[in-house]
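Trainee: For the sequence shown, numbering that gives the first Met the number 0 assigns the number 0 to the initial residue and increments by one for each residue that follows.
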Amino acid sequence: MSEFEANAESVDFALVAYREEGVWQVEELGVEKAADLDRLATELRRYPGDGGSLGLVSVDEDFFLLVRVLGAETRLLLSDVTAATDWPIARSVVEHLELPLPDDEEEQEPAGDLGIVTDLGIGAMDMGAMLDDYELYPDEMLGDIAAKLGFGRQYDELVGVATP
């Protein structure tokens with residue numbers, strides 16, 4: 000099994016969210032499109048959102064990745080930097096961010112742009128506080144983010160997780 004196939008099998012779900020004329024649109028992405036960071040960013044560029052598009056990817060009920068693309072710009076947020084020691088997609092995020100790979104003794108903490116959706120309603124401090132709740136699964140954290148951004152109902156319909 001290739002690294003790509005292992006990544007694809009581990010993706011719980013992948014969604015794209017974008018606003019068209021101020022209304023949120025949320026769609027499923029094939030997990031094969033979310034198993035590779037470059038492929039995911041390329042796929043997200045196909046969506047015509049007013050403020051770019053936002054990819055939400057949950058991996059192995061362990062961590063999540065937010066990817067926001069607007070034109071040539073790609074912004075990333077990884078919920079747990081220590082995932083880079085075990086997961087190629089997380090490792091590629093850490094490398095893209097030009098961060099050192101974590102060692103086995105590092106604590107769980109986010110990596111990347113905590114302000115990735117500040118203009119949409121969740122500031123960096125609020126995002127950091129949300130990611131501090133280590134008891135939540137990635138789908139629950141992403142559900143909270145979706146609800147706060149205004150597409151919780153669509154998220155719930157696609158993922159099947161009750162959002163606040």
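Note that beta-carbon positions come from the ideal geometry of N, C-alpha and C, so glycine has one too.
Go through its chain and collect everything with a Cβ distance to residue 74's Cβ below 7 Å, but skip five positions before and after it.
Mentor: In the sequence shown, the residue the question calls residue 74 occupies position 75. Same-chain partners within the cutoff: 67, 112, 115.
Trainee: Please report how far the alpha carbon of residue 135 lies from the alpha carbon of residue 103, in whole angstroms.
Mentor: In the sequence shown, residue 135 corresponds to position 136, counting from 1. In the sequence shown, residue 103 corresponds to position 104, counting from 1. Going by the C-alpha atoms only, they are around 22 Å apart.
Trainee: Look up residue 59 in the DSSP assignment and say whether it is helix, strand or coil.
Mentor: Locating residue 59 in the sequence shown gives position 60, where the first residue counts as 1. Note: residue 59 maps to coil in three-state DSSP.
Trainee: Any chance you could list the beta strand (DSSP E) runs of at least 3 consecutive residues sitting entirely within the segment 56-104, in chain order?
Mentor: Listed in chain order, the complete beta strand (DSSP E) runs (minimum 3 residues) inside the segment 56-104 are 62-69, 72-77.
Trainee: Quick check on the DSSP output: the beta strand (DSSP E) that includes residue 14 runs from which residue to which?
Mentor: For this step, residue 14 is matched to residue 15 along the sequence shown. Here the beta strand (DSSP E) through residue 14 covers 10-19.
Trainee: Taking only runs that begin and end inside the segment 109-159, name each unbroken alpha helix (DSSP H) of 4 or more residues, in chain order.
Mentor: Counting whole runs of 4 or more residues, the segment 109-159 contains the alpha helix (DSSP H) stretches 123-130, 137-148, 151-158.
Trainee: Would residue 34 be called buried (16 or more neighbouring beta carbons within 10 Å of its own) or exposed?
Mentor: Reading the sequence shown from its first residue, position 35 is the one you call residue 34. Buried.
Trainee: What does the alpha-carbon distance come out to for the pair residue 151 and residue 157?
Mentor: Here residue 151 corresponds to residue number 152 of the sequence shown, with the count starting at 1. Here residue 157 corresponds to residue number 158 of the sequence shown, with the count starting at 1. Distance between the alpha carbons of residue 151 and residue 157 is about 10 Å.
Trainee: Excluding the 5 residues flanking residue 17 on each side, which residues of the same chain have their C-beta closer than 6 Å to its C-beta?
Mentor: Within the sequence shown, the letter at position 18 stands for residue 17. Closer than 6 Å at the Cβ level, and outside the excluded window around residue 17, lie 24, 46, 48, 52.
Trainee: Quick check on this structure: which residue in 108, 71, 22 has the alpha carbon closest to the alpha carbon of residue 44?
Mentor: Along the sequence shown, one-based indexing puts residue 44 at 45. For the residues 108, 71, 22, the minimum Cα distance to residue 44 belongs to 71.
Trainee: If you draw a straight line from the C-alpha of residue 101 to the C-alpha of residue 82, how long is it?
Mentor: Here residue 101 refers to the residue found at position 102 of the sequence shown. Here residue 82 refers to the residue found at position 83 of the sequence shown. Going by the C-alpha atoms only, they are around 9 Å apart.
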